[in-house]
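Chains as they are written, first to last, in the working numbering: chain A, 4 to 452; chain B, 2 to 67. To start, the structure under review is shown below, and the notes come after it.
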């Protein structure tokens, strides 16, 4: 992130000193009175101008008079004052200030203001996100990500949905970068750990708390202090773990394994899952109270197959600092027609493989050879015989026969008990009796599936 | 002499700065800590001075009495 030029106008020496700390990392200039502020605003360029309203013991709210000048000079003007009468607030907004704060919570407010300036207040900077940080030309995805970025500077939880490889981690990192939070972005995939390991990974442990715990170890919650904790695959967490984490999220405190004192961490939670959240709630896999703590603003990312306009911009981005690739028209068509079940991750892998090859100019044959090999095994879903049958009799015919075969198989397994088949397969009585009476496919007896 | 509402505003403003500084003191870099404490003391003295002024105003029945 580029450093911002910031002017702080405040007559209080201590307040200026505190602001200097809160704005560490930016280029900060100070003015203690109106005249100095005017000189600096006229001479320099500032991205953001923080203005106190009363500049001197007997001052007549001259900070208000600085707002039009700061606005005219293109600075994002923010009033931070101890005076918060309705009249003053309206006057400040009427003069063009963008945000008005009552002094007293500068550390949190300042980082939120900067984050908001970067993602929205500056307007033009949001577009840059889609050509660099989260590449997409899809209008619906852009709108959703832009909306999510508005929530980035808050401490509200965010839930990212979407199939594997759609960019949930990339988006979570982007949201962290736009949050203004100074701590680290700590990501963990809950599905990658066993129950016990997950607990020690999240909460950390104290030396001697279990066999092999030779030293104290910070967990992800502690690592994310002042930053963001990204929990991927939250559906993989047990109910017991959800309860423990829920308490930590709510209280911002937790007990590492083997600890007798709580530890505190100011973390913000972004979670993600590729599963159907409503389904997980209905099945009891996801606790409703835990879901309520983590869902906040929800962003559902579309699979790559539904935003094909992103395929070539993504290929361009993946090869930006490497060998560039060119595709003959038929190869391009093939790429657009591919289902990309692995989404962006699959595309990246494909690009890496192609770029590692000898040729930069790719033909249809080269592209098709790789993507066919990389396709998921069809036998998991249907057999080659079924595929041939669908080609011969149509897909509807195959589907009907497959249904009938599965129902018959289930009835046989349940010794002909229709109630069990109805319950286990979730089918209607009408369909069951049609199969029993052999009325599917115009009464034909079929057992191809 | 500033009027009462301005005095109150200044006291509030300085008190808020003092509270903010006290809260941030543990995170203040060591090399800055003594300087920060000196500034806090200066602010505390200013607050005491302003409170005396406020008292005087109040005793004199100044306008905008709280």
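Heads up, the beta-carbon is just placed ideally off N, CA and C, and yes, glycines get one too.
If we call anything under 8 Å between Cβ atoms a contact, is residue 208(A) one with residue 195(A)? When the beta-carbon positions are compared, residue 208(A) and residue 195(A) stay at least 8 Å from each other.
Where does residue 29(A) fall in DSSP's three states? coil
Can you name, in chain order, every residue of its own chain whose Cβ lies under 6 Å from the Cβ of residue 265(A), other than the five neighbours on each side? For residue 265(A), where only same-chain residues beyond five positions count, the Cβ hits under 6 Å are 256 and 258.
Taking 8 Å as the cut-off, does the segment 134-144 of chain A touch the segment 95-108 of chain A (at least 3 CB pairs, one atom from each stretch)? no
Give me the residue from 101(A), 111(A) and 60(A) with the minimum Cα distance to residue 22(A). 111(A)
Answer yes or no: do residue 50(A) and residue 120(A) have a C-beta to C-beta separation smaller than 8 Å? yes
Best match in 419(A), 70(A), 375(A) and 24(A) for proximity to residue 53(A) [C-alpha to C-alpha]: 70(A)
Looking only at its chain, what residues have a beta carbon closer than 6 Å to the beta carbon of residue 87(A), apart from the 5 residues adjacent to it on each side? 105
Whole angstroms are fine: how far does the CA of residue 287(A) sit from the CA of residue 436(A)? 32 Å
For residue 37(B), go through chain A and note every residue whose CB falls closer than 7 Å to its CB, in chain order. 20
Since residue 271(A) sits in a beta bridge, which residues does DSSP pair it with? In the DSSP output, where bridge partners are listed per residue, residue 271(A) has 231(A).
Is the beta carbon of residue 151(A) closer than 8 Å to that of residue 161(A)? Yes, the Cβ-Cβ distance between residue 161(A) and residue 151(A) is below 8 Å.
Whole angstroms are fine: how far does the CA of residue 39(A) sit from the CA of residue 239(A)? 59 Å
Hey, which unbroken runs of the beta strand (DSSP E) at 3 residues or more fall wholly within the segment 131-198 of chain A? 161-164 and 188-192
Consider the Cβ of residue 57(A): report whether some Cβ of chain B lies at a distance smaller than 8 Å. yes
Which residue comes first and which comes last in the alpha helix (DSSP H) that contains residue 237(A)? Premise fails: residue 237(A) is in no alpha helix (DSSP H) and is neither H nor E.
Please report the distance separating the alpha-carbon of residue 20(A) from that of residue 271(A). The alpha-carbon atoms of residue 20(A) and residue 271(A) are separated by roughly 28 Å.
For residue 98(A), the nearest candidate out of 200(A), 306(A), 80(A) and 228(A) (CA to CA): 80(A)
Is it buried or exposed, residue 218(A), if we count other Cβ atoms within 10 angstroms and call 16 or more buried? exposed
Against chain A, with Cβ distances strictly below 8 Å, would residue 55(B) count as a contact? no
When DSSP labels each residue in this structure, what does residue 221(A) get in the three-state scheme? strand
Any chance the CB of residue 68(A) is under 7 Å from a heavy atom of the ligand ATP? The model on display carries no ligand, and the ligand ATP is accordingly not part of it.
In whole angstroms, what is the alpha-carbon distance linking residue 339(A) and residue 230(A)? The alpha-carbon separation between residue 339(A) and residue 230(A) amounts to approximately 38 Å.
Look at residue 318(A) and residue 304(A) and say whether their C-beta atoms are less than 8 Å apart. No. Outside cutoff.
Just checking: is the beta-carbon of residue 263(A) within a distance shorter than 8 Å of some beta-carbon in chain B? no
Verify the CB distance criterion: does residue 140(A) have a CB-CB separation below 8 Å to chain B? no
Chain B within 8 Å of residue 1(A), Cβ atoms only: Shown here, chain A extends from 4 to 452; a query on residue 1(A) therefore has no answer.
I need the boundaries of the beta strand (DSSP E) containing residue 10(A), first residue and last residue. Per DSSP, residue 10(A) belongs to the beta strand (DSSP E) from 8-12.
Beta-ladder partner(s) of residue 17(B), from DSSP: None, per the DSSP bridge assignment.
Would you call the segment 170-182 of chain A and the segment 288-297 of chain A in contact, with 3 or more CB pairs under 8 Å? no
Around the Cβ of residue 397(A), are there at least 16 other Cβ atoms within 10 angstroms (buried) or fewer (exposed)? exposed
Among 348(A), 356(A) and 60(A), the one whose alpha carbon lies nearest that of residue 307(A): 348(A)
What residues are listed by DSSP as bridge partners for residue 302(A)? 163(A)
By how many angstroms is the C-alpha of residue 276(A) removed from the C-alpha of residue 421(A)? Straight-line Cα distance between these residues: approximately 36 Å.
Suppose you measure from the CA of residue 233(A) to the CA of residue 10(A); what does that come to, to the nearest Å? Taking the straight line from one Cα to the other gives about 34 Å.
In three-state DSSP terms, what is residue 368(A)? helix
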